[in-house]
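Residue numbering for the sequence shown follows my numbering, starting at 1199 and increasing by one per position.
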Amino acid sequence: MIGDGFRHRVGVKPLEVTNWFLHDGEWEPTLAMKRALIADRRDEVVSFRDDSHDVAQEAAELVLAWAGKSTSRTGVDALVDAALAVPDDLAVLRSVATGDGEQLPFVAGVVCSPSRWRLADKIGHDMLAVHKPVALYAAHIGAAVDTTLTRLSTDKPVWRSNWTLEDHPALFQPFAPGRQLVEHPRELWIRIERETLRRLPRTRGVLFTIRSFQEPLTTHVQRGPAAIGALRELVVRLPDAVARYKSVYDYRAATLMWLDSLLA
Ligand code: HEM
């Protein structure tokens, strides 16, 4: 039944640091896109709070060391240099001690592949506020995300993934179009985010990285009946509110019909 059996899941797995960033054919084109966005639309892709420079710099040093590079720049400028060394987006959380634990607000980011959200809206906010538009986030995983972050240790980096369907292939999509952009599910794209989380040893902040991969749905279904069936399950299980958030709602009936025709 439509909308049954869905839960957002934290689903973090141990990360092997040699695979922190994944080399593929999109590495160079993505870096070229990032260079252009940082040059032409910097205010939309770089954002930070004034108290973020130390933690941003530590995050930058870790990424640059992994990539075999360095920079003479400091603070958020170093984070920009690090973001141009790997295709992934970089989001930095600051560790703030509270009476009974720790808060981790999102304080600096270089984000060139947002999936219909705006970086400047998120800076300075905690995880619950950052995820406010995500239907059922608080009910399903709000507390578990906070616990995952506060328990994150320097020697146990983790990764997870997210998926959605989109009707436009741009990696940089700060806005939702507010209307259907295509006619048939054959024109949709599947977009998968691979996200990693690392605790920073010096400042105790957290670095969250996001790499977005996309392929046309027509390519995805060529993986065969198991892949088609798995996608069908994902799409059918989404409650309406989550389907709306993921921009799947308007395409759901047609997509299910099309996937069924491929399985018949
Ligand atoms: C274990 C950690 C995390 C989990 C489980 C998680 C989970 C999610 C989920 C389920 C979504 C909705 C995506 C979709 O269904 O299409 C989402 C969106 C998002 N997440 Fe996270 N997230 C985590 C950490 C973070 C961190 C550390 C940041 C820091 C910036 C972040 C920033 C965002 C943003 C900006 C969005 C888009 C929100 C919007 O549409 O306005 N997430 N996350």
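Glycine is no exception: its CB is placed at the ideal position from the N, C-alpha and C atoms.
- Here DSSP, grouped into helix, strand and coil, assigns residue 1339 to helix.
- One Cα belongs to residue 1201, the other to residue 1457, and the distance between them is close to 17 Å.
- Considering only 1400, 1370, 1218, 1362, the residue with the shortest C-alpha distance to residue 1387 is 1362.
- A direct Cα-to-Cα measurement between residue 1248 and residue 1268 gives close to 23 Å.
- Contact fails between the region 1244 to 1263 and the region 1363 to 1372, because fewer than three Cβ pairs, one in each stretch, are under 8 Å apart.
- By the criterion of at least three beta-carbon pairs nearer than 8 Å, the region 1375 to 1395 is not in contact with the region 1222 to 1237.
- Cα atoms of residue 1283 and residue 1265: separation of roughly 7 Å, rounded to the nearest angstrom.
- Straight-line spacing of the CA atoms in residue 1252 and residue 1416 works out to 45 Å.
- The continuous beta strand (DSSP E) containing residue 1410 extends over residues 1404 to 1414.
- For residue 1287, the enclosing beta strand (DSSP E) covers residues 1287 to 1291.
- Less than 7 Å separates the beta-carbon of residue 1397 from that of residue 1350.
- Around the beta-carbon of residue 1325, 16 or more other beta-carbon atoms lie within 10 Å, marking it buried.
- Assigned with DSSP and collapsed to three states, residue 1359 falls in strand.
- Here residue 1354 is exposed, its C-beta having fewer than 16 other C-beta atoms within 10 Å.
- Straight across, the Cα-Cα distance linking residue 1455 with residue 1308 is about 39 Å.
- Taking 6 Å as the cut-off, the C-beta of residue 1289 counts as close to a heavy atom of the ligand HEM.
- Taking 6 Å as the cut-off, one finds at least one heavy atom of the ligand HEM near enough to the beta carbon of residue 1315.
- By the Cβ neighbour-count rule, residue 1407 is buried, with 16 or more other Cβ atoms within 10 Å of its own.
- A straight-line Cα-Cα distance of about 17 Å links residue 1378 and residue 1389.
- In the structure shown, residue 1420 falls within a helical segment according to DSSP collapsed to helix, strand and coil.
- Of 1291, 1272, 1275, the smallest CA-CA separation from residue 1399 is found for 1291.
- C-alpha of residue 1300 to C-alpha of residue 1212: approximately 22 Å in a straight line.
- Using a Cβ distance threshold of 7 Å, residue 1445 and residue 1392 do not count as a contacting pair.
- Residue pairing by DSSP puts residue 1306 in a beta bridge opposite 1246, 1290.
- In this structure residue 1410 is buried. Its beta-carbon is surrounded by 16 or more other beta-carbon atoms within 10 angstroms.
- The ligand HEM approaches residue 1206 closely enough that one of its heavy atoms is under 6 Å from the residue's Cβ.
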